[in-house]
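Peer 1: Below: one structure in structure tokens.
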Amino acid sequence: MFIPLRDENPTRQFPLVTILIIALNTAIFLWQIFSPAGLEAHILRLGTIPYEITHFRSLDPLVRIPPWLTLITAMFVHGSLFHLLGNMLYLWIFGNNVEDYLGSLRFILFYLICGLAASLSHIITNPMSKIPMVGASGAIAGVLGAYFILYPGARVLTLMFLFFFIRIVAIPAGFFLGFWFLMQILNVGIGGGVAWYAHIGGFLAGLFLVKIQPKRRRYYYHWR
Numbered sequence: 010m011f012i013p014l015r016d017e018n019p020t021r022q023f024p025l026v027t028i029l030i031i032a033l034n035t036a037i038f039l040w041q042i043f044s045p046a047g048l049e050a051h052i053l054r055l056g057t058i059p060y061e062i063t064h065f066r067s068l069d070p071l072v073r074i075p076p077w078l079t080l081i082t083a084m085f086v087h088g089s090l091f092h093l094l095g096n097m098l099y100l101w102i103f104g105n106n107v108e109d110y111l112g113s114l115r116f117i118l119f120y121l122i123c124g125l126a127a128s129l130s131h132i133i134t135n136p137m138s139k140i141p142m143v144g145a146s147g148a149i150a151g152v153l154g155a156y157f158i159l160y161p162g163a164r165v166l167t168l169m170f171l172f173f174f175i176r177i178v179a180i181p182a183g184f185f186l187g188f189w190f191l192m193q194i195l196n197v198g199i200g201g202g203v204a205w206y207a208h209i210g211g212f213l214a215g216l217f218l219v220k221i222q223p224k225r226r227r228y229y230y231h232w233r
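For the sequence shown, this note's numbering assigns the number 10 to the initial residue and increments by one for each residue that follows.
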């Protein structure tokens, strides 16, 4: 198991959008668990259900928002505290540098487009599914894809678990994120309640979108 702790890649501007996205996801999760309706009700109401998208109709029109709108709302809904914390950890570590490179406004658009691409990847590969999909991981996968292109040499301090061996090591981002992407591909078909194709689609969208951005000076430093 590999858990990223932080990267050694300072930014030149305050990551306002990254922090706001983290705050919004956290606030929505707190609303989910403390509202009278409960966590599961909000997942059903705000999650993306592939069957609804492919059939252009809601399974329960009395309580759900329009299916197309769930492509956005699902990005900000999480199924558990662990789900939220894992996603926000990755966004905090890798999002600030991508926001620094793109600028705040373009980062917002980039994040949303990657999230949409991730959702569509899941829908295309599971068009008849009636299980709601929620979480920011598809959009964050796009952030990882961009980071993979922009800062492959930046080091990521990683907590590594191998049986009884526990150690913090500095791993190049290119290797860390490449391994992460490979694991998404290898896990396809395993299930486990994870939308693996959404992760793959989001990552590839991030790769593509950051490559077509107007060229800007890239910068990062290694701390020794």
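The C-beta atom is built at its ideal place from N, Cα and C for all residues, glycine as well.
Quick check: the Cα distance between Q41 and P59, rounded to an integer number of angstroms?
Peer 2: For the purposes of this step, residue 41 is taken as the residue at position 32 of the sequence shown. For the purposes of this step, residue 59 is taken as the residue at position 50 of the sequence shown. If you take the alpha carbons of Q41 and P59, they lie about 22 Å apart.
Peer 1: Between the C-alpha atoms of Q193 and E61, what's the straight-line distance to the nearest angstrom?
Peer 2: Start at 1 with the first residue of the sequence shown, and residue 193 comes out as number 184. Start at 1 with the first residue of the sequence shown, and residue 61 comes out as number 52. The straight-line gap from Cα to Cα measures roughly 25 Å.
Peer 1: State the DSSP-derived secondary structure class of L100, mapped to helix, strand or coil.
Peer 2: Taking the sequence shown and counting its residues from 1, the one referred to as residue 100 is at position 91. Helix.
Peer 1: Quick one: what's got a C-beta closer than 7 Å to T20's C-beta in the same chain, skipping five residues either side?
Peer 2: Residue numbering aside, residue 20 sits at position 11 when the sequence shown is read from its first letter. Excluding residues within five positions, the ones whose Cβ falls inside 7 Å are N105, N106 and D109.
Peer 1: Give the secondary structure of M137 by DSSP, where H, G and I count as helix, E and B as strand, and everything else as coil.
Peer 2: The count along the sequence shown starts at 1 and reaches residue 137 at position 128. Coil at M137, not helix or strand.
Peer 1: Could you check how far apart the C-beta atoms of M10 and F170 are, in whole angstroms? I think they sit under 8 Å.
Peer 2: Counting from one through the sequence shown, the residue named residue 10 turns up at place 1. Counting from one through the sequence shown, the residue named residue 170 turns up at place 161. That pair is a contact at about 4 Å.
Peer 1: Just to confirm the assignment, what range does the beta strand (DSSP E) spanning F170 have?
Peer 2: One-based indexing of the sequence shown puts residue 170 at position 161. R164 to L171 is the span of the beta strand (DSSP E), which, as asked, contains F170.
Peer 1: Where R66 and M137 are concerned, what is the direct C-alpha to C-alpha distance, given to the nearest angstrom?
Peer 2: Here residue 66 corresponds to residue number 57 of the sequence shown, with the count starting at 1. Here residue 137 corresponds to residue number 128 of the sequence shown, with the count starting at 1. Going from the Cα of R66 to the Cα of M137 covers about 13 Å.
Peer 1: To the nearest angstrom, how far is it from the Cα of Q22 to the Cα of L29?
Peer 2: Translated into the one-based positions of the sequence shown, residue 22 becomes position 13. Translated into the one-based positions of the sequence shown, residue 29 becomes position 20. Roughly 14 Å between the two C-alpha positions.
Peer 1: When the distance is taken between beta carbons, is M142 closer than 7 Å to A50?
Peer 2: Position 41 of the sequence shown holds residue 50. Position 133 of the sequence shown holds residue 142. Result no, Cβ atoms of A50 and M142 do not sit closer than 7 Å.
Peer 1: I'd like to know if the stretch 149 to 160 and the stretch 214 to 222 are in contact, where contact means that at least 3 CB-CB pairs between them fall below 8 Å.
Peer 2: Yes, since at least three Cβ pairs between the stretch 149 to 160 and the stretch 214 to 222 fall closer than 8 Å, the two stretches touch.
Peer 1: By Cβ distance, which residues of its chain are closer than 7 Å to I37, with the 5 residues on each side in sequence left out?
Peer 2: Sequence index remark: in the sequence shown, residue 37 carries index 28 (1-based). F85 and V86, listed in sequence order.
Peer 1: Could you tell me which residues DSSP puts in a beta bridge with D16?
Peer 2: As a first step, residue 16 is located in the sequence shown; it is residue number 7 there, counting from the start. DSSP output for D16 lists V165 as bridge partner(s).
Peer 1: Under DSSP, the alpha helix (DSSP H) around I190 begins and ends at which residues?
Peer 2: On the sequence shown, residue 190 is found 181 positions in, with the first residue counted as 1. A small correction: the amino acid at residue 190 is Phe; Ile does not occupy that position in the sequence shown. Counting along the chain, the alpha helix (DSSP H) containing F190 begins and ends at A182 to L195.
Peer 1: V143 by DSSP, collapsed to three states: which one?
Peer 2: Position 134 of the sequence shown, counted from the first residue, corresponds to residue 143. Coil at V143, not helix or strand.
Peer 1: Could you check if G200 is buried or exposed, using at least 16 other CB atoms within 10 Å of its CB as the buried criterion?
Peer 2: As a first step, residue 200 is located in the sequence shown; it is residue number 191 there, counting from the start. Classification for G200: exposed.
Peer 1: With which residues is F11 paired in a DSSP beta bridge?
Peer 2: One-based indexing of the sequence shown puts residue 11 at position 2. Answer is M169, bridged to F11.
Peer 1: Would you please state the rounded distance, in angstroms, between the beta carbons of S146 and N96? I believe it to be under 8 Å.
Peer 2: Numbered from 1 along the sequence shown, position 137 holds the residue referred to as residue 146. Numbered from 1 along the sequence shown, position 87 holds the residue referred to as residue 96. About 5 Å; that satisfies the 8 Å criterion.
Peer 1: Are A214 and A148 close, meaning C-beta to C-beta below 7 Å?
Peer 2: For the purposes of this step, residue 214 is taken as residue 205 along the sequence shown, with counting starting at 1. For the purposes of this step, residue 148 is taken as residue 139 along the sequence shown, with counting starting at 1. Not closer than 7 Å, so no.
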